[in-house]
Amino acid sequence: MSNKQAALELGIKPVGSLLMQYALPAIVAMVASSLYNMIDSIFIGQGVGALAISGLAITFPFMNLSAAFGAAIGVGSSTFLSVKLGQRDYGIANSILGNCVVLNILIGVIFGGVCLLLLDPILRFFGASDYTLPYARDYMEIILLGNAVTHLYLGLNAVLRAAGKPKVAMYLTLFTVILNALLDPLFIYTLELGIRGAAYATVLSQIVALCWQWRLFSNKNDLLHFEYDKFKVKKRIVSSIVGIGISPFSMNACACLVVIFINNTLADYGGDMAVGAYGIANRVAFVFVMITLGVCQGMQPIAGYNYGAQNYSRLREVLRLSVITGTAVCAVGFLIAMLCPRLVARLFTTDETLIAMSVTALRYIMAMFIIIGAQIVIANFFQSIGKAKVSIFLSLSRQLIFLVPALMVLPKSLGLDGVWLAMPLSDAVAALMAYGMLWIYLKKLK
């Protein structure tokens with residue numbers, strides 16, 4: 079199908095089938111990404127121990143911060159690339175690809191090197207104790223040594239999607255997840271490498287995927303391919319990439335700060351087991367959030383096209399279906415957390431103390447998931463129709479604007495229960511805020 083035909087069908091094809099067509103590949107990729115982290119947690123918890131789970135939870139801010147830099151380059155490059163491909167400016171498009179490679183390697187090496195030099199103080203700042211620090215350090219030393227590989231792999235996957243190869247990008251993501259799942263037991267159990275084994279499995283699976291990507295982009299018969307003279311960094315291209323990528327960078331950086339704040343507050347009021355319980359609950363919740371974000375990715379081109387075409391009935395229809403789907407997905411997460419949290423916790427650990435605390439964490443953290451699916455969809459809906467400021471505000475309201483003040487106030491009177499309670503409370507307020515802003519917007523639209 080030509081690009082013109084694909085664009086035209088956004089305005090005429092039944093909205094339900096369009097949403098399924100565009101959302102399904104994104105959902106598969108999102109689920110694969112979330113399972114990547116969950117599989118590591120399960121093997122580490124079962125094969126190394128409860129404190130190793132807590133040590134792994136301490137590393138979450140590293141992942142958020144690394145993702146922030148990755149998004150700045152990956153999202154910026156892929157978006158800028160899409161524009162140039164649409165303008166048929168293939169020379170600049172290949173220069174963007176070359177600059178994307180160089181920037182990812184530079185940032186990956188610099189970020190990894192600086193963090194390795196200051197690893198122990200950073201982990202302490204993130205909430206590590208004397209007991210969890212060795213586990214967190216063992217894991218992050220390997221991850222940071224392979225940081226440039228991770229950045230480059232994620233950046234080139236974003237470029238593949240922008241270049242009209244979303245299925246190839248999806249297959250690569252699935253491949254890394256499957257390979258990681260196969261290597262984890264080999265390195266952790268058979269070779270007895272412990273938590274380092276999980277890190278080796280992660281980096282090695284990404285190296286293999288990167289080799290696959292490199293081969294794809296080395297095909298000179300493809301429109302978009304490596305031209306080594308295009309690897310020279312150009313100020314105009316870099317500034318455009320960074321300008322576009324600053325928004326996702328800011329949101330991921332804020333997520334990093336929030337996780338640091340949560341980990342330290344949990345460590346103060348509940349100790350290492352509370353940090354580990356949050357790590358388990360957060361991994362489970364993340365799966366359902368990522369599926370909902372996949373629905374949002376499917377919604378965005380349909381909503382954007384019909385908003386631009388002033389076809390508001392189709393705009394409202396794709397919004398309605400996306401809200402229903404997002405709510406259904408998160409409702410499943412809510413039911414699992416309420417009905418069988420102990421079963422979920424036992425996937426990660428056999429330690430009874432950690433299991434009991436994880437049950438509490440799951441029930442609190444996912445208590446408002448039955449309404450939070452719609453909140454996520456609404457925030458992304460505003461982004462898809464060009465209202466970026468509203469979208470950023472709604473996205474940050476749940477994880478930053480309402481959560482941090484609640485974490486500062488509630489634990490002082492309620493202790494550890496106050497830390498857990500802050501999360502569903504901020505979810506509820508953020509959801510009500512999103513519903514209100516959407517109601518006002520739709521009223522104006524009519």
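Per our numbering, the very first residue in the sequence shown carries number 79; after that it's consecutive. Ideal placement from N, C-alpha and C gives every residue a C-beta, glycine not left out. Here the structure is a predicted model, which means the values were calculated and not measured.
For residue 463, the three-state DSSP class (helix, strand or coil):
Within the sequence shown, numbered from 1, the residue matching residue 463 stands at position 385. Reduced to three states, the DSSP call for residue 463 is coil.
Which one of 108, 340, 348, 407 has the shortest CA to CA distance from residue 250?
As a working note, residue 250 is residue 172 in the sequence shown. Checking every option, the nearest Cα to that of residue 250 belongs to 108.
So the alpha helix (DSSP H) residue 444 belongs to, where does it begin and stop?
As a first step, residue 444 is located in the sequence shown; it is residue number 366 there, counting from the start. Neither: residue 444 is in no alpha helix (DSSP H) and is coded neither H nor E.
Less than 8 Å between the CB atoms is what I'm expecting for residue 112 and residue 365, so what's the real figure, rounded?
Numbered from 1 along the sequence shown, position 34 holds the residue referred to as residue 112. Numbered from 1 along the sequence shown, position 287 holds the residue referred to as residue 365. Right, the Cβ-Cβ distance comes to about 4 Å (below 8 Å), so this counts as a contact.
Starting from the Cα of residue 353, find the closest Cα among 123, 100, 131 and give me that residue.
As a first step, residue 353 must be located in the sequence shown, where it is residue number 275. The shortest Cα separation from residue 353 among 123, 100, 131 belongs to 131.
Limits of the unbroken alpha helix (DSSP H) element including residue 258
Taking the sequence shown and counting its residues from 1, one reaches residue 258 at position 180. For residue 258, the enclosing alpha helix (DSSP H) begins and ends at 244–263.
Alpha carbon to alpha carbon, how far is residue 95 from residue 84? Give it in angstroms, no decimals.
Translated into positions along the sequence shown, residue 84 becomes position 6. Translated into positions along the sequence shown, residue 95 becomes position 17. Only weak support is given to the placement of residue 84: the predicted model assigns it a pLDDT of 47, under 50, and the value that follows is read from those uncertain coordinates. In a straight line, the C-alpha of residue 84 is about 14 Å away from that of residue 95.
Using alpha carbons as the reference points, say which of 261, 234, 409 lies closest to residue 560.
Nothing can be reported for residue 560, as the shown portion of the chain is limited to 79 through 524.
Whole-angstrom distance between residue 247 and residue 236, CA atom to CA atom:
By 1-based counting over the sequence shown, the position of residue 236 is 158. By 1-based counting over the sequence shown, the position of residue 247 is 169. Here the alpha carbons of residue 247 and residue 236 stand approximately 8 Å from one another.
Are there three or more Cβ pairs, one per stretch, closer than 8 Å when the stretch 261–268 is compared with the stretch 314–330?
Contact between the stretch 261–268 and the stretch 314–330 is absent, because fewer than three Cβ pairs lie under 8 Å.
Can you tell me the Cβ-Cβ gap for residue 510 and residue 331, rounded? I've got them flagged as a contact below 8 Å.
Reading the sequence shown from its first residue, position 432 is the one you call residue 510. Reading the sequence shown from its first residue, position 253 is the one you call residue 331. Between residue 331 and residue 510 the Cβ distance is about 26 Å, and since that is not below 8 Å, they are no contact.
Relative to the C-alpha of residue 306, which candidate in 520, 138, 177 has its C-alpha closest?
In the sequence shown, residue 306 corresponds to position 228, counting from 1. Answer by Cα proximity: 177.
On the criterion of 16 or more Cβ atoms from any shown chain inside 10 Å, does residue 126 qualify as buried, or is it exposed?
Numbered from 1 along the sequence shown, position 48 holds the residue referred to as residue 126. Counting the other Cβ atoms within 10 Å of the Cβ of residue 126 gives 16 or more, which makes it buried.
How should residue 284 be labelled, buried or exposed, when 16 other C-beta atoms within 10 angstroms of its C-beta is the threshold for buried?
The count along the sequence shown starts at 1 and reaches residue 284 at position 206. Flag for residue 284 reads buried.
Quick one: what does DSSP say residue 389 is sitting in, helix, strand or coil?
For this step, residue 389 is matched to residue 311 along the sequence shown. The answer is coil: DSSP assigns residue 389 none of H, G, I, E or B.
Compute the distance between the beta-carbons of residue 273 and residue 213, then report whether it is under 7 Å.
Position 195 of the sequence shown, counting from 1, holds the residue named residue 273. Position 135 of the sequence shown, counting from 1, holds the residue named residue 213. Cβ atoms of residue 273 and residue 213: closer than 7 Å.
Cβ-Cβ separation, residue 485 to residue 340 (assumed contact under 8 Å), whole Å:
Counting from 1 along the sequence shown, the entry for residue 340 is found at position 262. Counting from 1 along the sequence shown, the entry for residue 485 is found at position 407. The beta carbons of residue 340 and residue 485 sit about 7 Å from each other, so the pair counts as a contact at 8 Å.
Please classify residue 118: is it buried, with 16 or more other beta-carbons within 10 angstroms of its beta-carbon, or exposed?
Taking the first residue of the sequence shown as 1, we reach residue 118 at position 40. Per the 10 Å Cβ criterion, buried.
Could you give the distance in angstroms between the alpha-carbon of residue 463 and the alpha-carbon of residue 388?
Position 385 of the sequence shown, counted from the start, is the residue given in the question as residue 463. Position 310 of the sequence shown, counted from the start, is the residue given in the question as residue 388. Each residue's alpha carbon lies about 11 Å from the other.
Which parts of the stretch 171–224 are runs of the beta strand (DSSP E), unbroken and 3 residues or longer, counting only runs that do not cross its ends?
Fully enclosed beta strand (DSSP E) runs of 3 or longer: not present.
Below 8 Å on the Cβ atoms is my contact criterion, and I expect residue 295 with residue 309 to pass it. Report the Cβ-Cβ distance as a whole number of Å.
Taking the sequence shown and counting its residues from 1, one reaches residue 295 at position 217. Taking the sequence shown and counting its residues from 1, one reaches residue 309 at position 231. Cβ-Cβ separation between residue 295 and residue 309: approximately 12 Å, too far for a contact (criterion under 8 Å).
Three-state secondary structure assigned by DSSP to residue 482
Here residue 482 refers to the residue found at position 404 of the sequence shown. Residue 482: helix per DSSP, three-state reduction.
Answer with buried or exposed for residue 81, where buried requires no fewer than 16 other C-beta atoms within 10 angstroms of its C-beta.
Sequence index remark: in the sequence shown, residue 81 carries index 3 (1-based). Here residue 81 scores only 42 on pLDDT, less than 50, and its place in the model should not be relied on; the value that follows carries that caveat. The residue is exposed, with fewer than 16 neighbouring Cβ atoms inside 10 Å.
Kindly give me the distance between the Cβ atoms of residue 361 and residue 116, rounded to whole angstroms, as I take these residues to be in contact under 8 Å.
As a working mapping, residue 361 is identified with position 283 in the sequence shown. As a working mapping, residue 116 is identified with position 38 in the sequence shown. Contact between residue 361 and residue 116 holds: CB atoms are separated by about 5 Å, below the 8 Å threshold.
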